[in-house]
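Numbering (the numbering used here), first residue to last: 23 to 567.
Presented below is the structure to which this report refers.
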């Protein structure tokens, strides 16, 4: 009897353990499937095929494009559009109006205060509507007055279409060029090649494409199969209005890219409004193309490159804190919202940016994060400096802690640790943080980080001009080249120090390449068997032990 009980208990433990493992597996799978922007790779070919299908279905006019079968299917499968007076429809119109008003505010807001980036070109002051929106402005009444003057139109323009069309016209009038450079349009993407699906989030799908087989750009458009569109159509049954709601996020992003001119903000090259069979004025943004930020890969790069990313980020956040639009916060602050362009970090996603500071009372101004909370002063009903502090703390928890201190020059580490700790506790603001990082750059760029330069070296080195060593490679970390040891140095003295610290190093070759700080790239070698003539190269060979 006792034996049977033991066997029964053992089986129960096994069942419980199996159940726990199964639950953990299912939970992990669900997290992956429902993580924002996550998609199976098997859908990529379908998306690219769909894009080509849309490009091939061109209608007459200014290179107008069709949306394609995907939208037609979505319209057919959705429920009938709610009546104009229904509660659901009014709720959807209210959301569209709120996004429309947000875009209007960013376009019409006067610059107040100087930013640190390039000067922002003043937008032409144009009205978005034929009637100026007042406090009691009602788009339905405006349209009704228009209809009374034009009763021969049988199909009255809906308020959402009116706002969308007015926004399009205003954008076309005010954004024909940026800093004197003409904007690209529909004709520019009429014959794009090498289209490749890059990814998508809740609202947008992003494609890589080549213009004239030379310029690579990113094309951003509303993702008809995305979370926002699918949920909206399911709830409201109006694909057209749901599209307009989603498209205002792209229009907002284009507006902010134009108003906020800074080296660390992705460039807007142009845009295209396209009529389709199903939805009028579908919009595509044409932007600068960058490489996705892969944190695991960044951890394997040199400290100099990781420092560059952190410095780029702080310069961006300093500009946003003092921008022509006021203090701007990035509400969706994650590494996936940034890209690298020629080594520089740039923010690519601005549709969730905001200049509004959270309202508060004297006792409830709290900024919450997963690991900790901060209490901020409440001034005139607003949380004082919350936009700047939110950006800075997110920079600390997503970037600084991983990229700044590790493998840094030993003499710079105390200052870097102080920067990390001060931003993690929000002791410093963005101004002081930028000042300290610029100080680190000055010390590194000018070689002040090097240890006592009067120290004597163990061995002597023979100087060979116009010579190189193509073979005899070995791996080191972190290296600019995976199959060799390629490092940056400030001087010959530092190169000798590096070679003596590597047991296998017997020689090094100076290249004619430099990094963004002006440091020279140097190959370190295990021997000199393949020493050969190479114009412009200089090789140093160990001659003593």
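All C-beta atoms, glycine included, are put in the ideal place defined by N, C-alpha and C.
- A direct Cα-to-Cα measurement between residue 565 and residue 332 gives close to 41 angstroms.
- In summary, residue 461 is exposed, with fewer than 16 beta-carbon neighbours lying within 10 Å of its beta-carbon over all protein chains present.
- Shown here for residue 419: same chain residues with a beta carbon closer than 8 angstroms to its own, the five before and five after excluded, namely 391, 393, 446 in chain order.
- Rounded to the nearest angstrom, the Cβ distance from residue 510 to residue 537 is 5 angstroms, consistent with a contact under 8 angstroms.
- For residue 318, the uninterrupted alpha helix (DSSP H) segment begins and ends at 317-320.
- When secondary structure is reduced to three states using DSSP, residue 556 falls in the strand class.
- Residue 495 and residue 233 have their C-alpha atoms some 40 angstroms from each other.
- Taking a contact as a CB-CB distance under 8 angstroms, the pair residue 531 and residue 497 does not count as one, their CB atoms being some 16 angstroms apart.
- Under the rule that a run must span 3 or more residues, the beta strand (DSSP E) segments found entirely inside the segment 261-312 read 290-296, 304-310.
- Straight-line measurement puts the Cα of residue 549 at about 52 angstroms from the Cα of residue 412.
- In the three-state DSSP reduction, residue 426 falls in the coil class, being neither helix nor strand.
- One thing to note: residue 501 has its Cβ no nearer than 8 angstroms to the Cβ of residue 561.
- As a beta-bridge residue in DSSP terms, residue 369 pairs with 287, 360.
- In the same chain as residue 235, and ignoring 5 residues on each side of it, the C-beta atoms closer than 7 angstroms to its own belong to 215, in chain order.
- Taking the Cα positions, residue 364 is about 25 angstroms away from residue 243.
- Taking all protein chains in view, the Cβ of residue 269 is crowded by 16 or more other Cβ atoms within 10 Å, so the residue is classified as buried.
- For residue 210, the three-state secondary structure derived from DSSP is helix.
- For residue 332, the uninterrupted alpha helix (DSSP H) segment begins and ends at 325-343.
- Short of 6 angstroms from the beta carbon of residue 486, and not among the five residues preceding or following it, lie these beta carbons of its own chain, in chain order: 561.
- By the Cβ rule, the segment 375-384 does not count as touching the segment 302-316, because fewer than three pairs are nearer than 8 angstroms.
- Bridge partners of residue 221 according to DSSP: 228.
- The beta carbon of residue 349 sits closer than 6 angstroms to the beta carbons of 343, 409, 410 from its chain, once the five residues preceding and following it are set aside; these are given in chain order.
- With 16 or more other Cβ atoms inside 10 Å of its own Cβ, residue 122 counts as buried.
- Note that the segment 248-262 does not touch the segment 397-406; fewer than 3 beta-carbon pairs, one per stretch, sit closer than 8 angstroms.
- Straight across, the Cα-Cα distance linking residue 225 with residue 247 is about 9 angstroms.
- About 5 angstroms separates the Cβ atoms of residue 361 and residue 370, confirming a contact at the 8 angstroms cut-off.
- Taking C-beta atoms under 8 angstroms as the contact rule, residue 120 and residue 274 fail to qualify, at a distance of about 11 angstroms.
- In chain order, 128, 142, 346, 347 place their CB closer than 7 angstroms to the CB of residue 281, counting only its own chain and leaving out the 5 sequence neighbours on each side.
- Segment contact: the segment 288-298 against the segment 322-338, fewer than three CB-CB distances shorter than 8 angstroms; contact not assigned.
- Counted as a single uninterrupted DSSP element, the stretch harbouring residue 395 is not any alpha helix (DSSP H) but the beta strand (DSSP E) occupying residues 395-397.
- Looking only at 219, 241, 223, 222, the smallest Cα-Cα distance to residue 212 is reached by 241.
- Within the same chain, Cβ atoms closer than 7 angstroms to the Cβ of residue 383 are found at 400, the five residues on either side in sequence being excluded.
- In this structure, the CA atom of residue 251 is about 10 angstroms from the CA atom of residue 263.
- About 6 angstroms separates the beta carbons of residue 337 and residue 286, which is inside the 8 angstroms limit, making them a contact pair.
- With respect to the C-alpha of residue 114, the residue from 253, 218, 302 having the closest C-alpha is 253.
- Annotated three-state conformation of residue 488 is strand, per DSSP.
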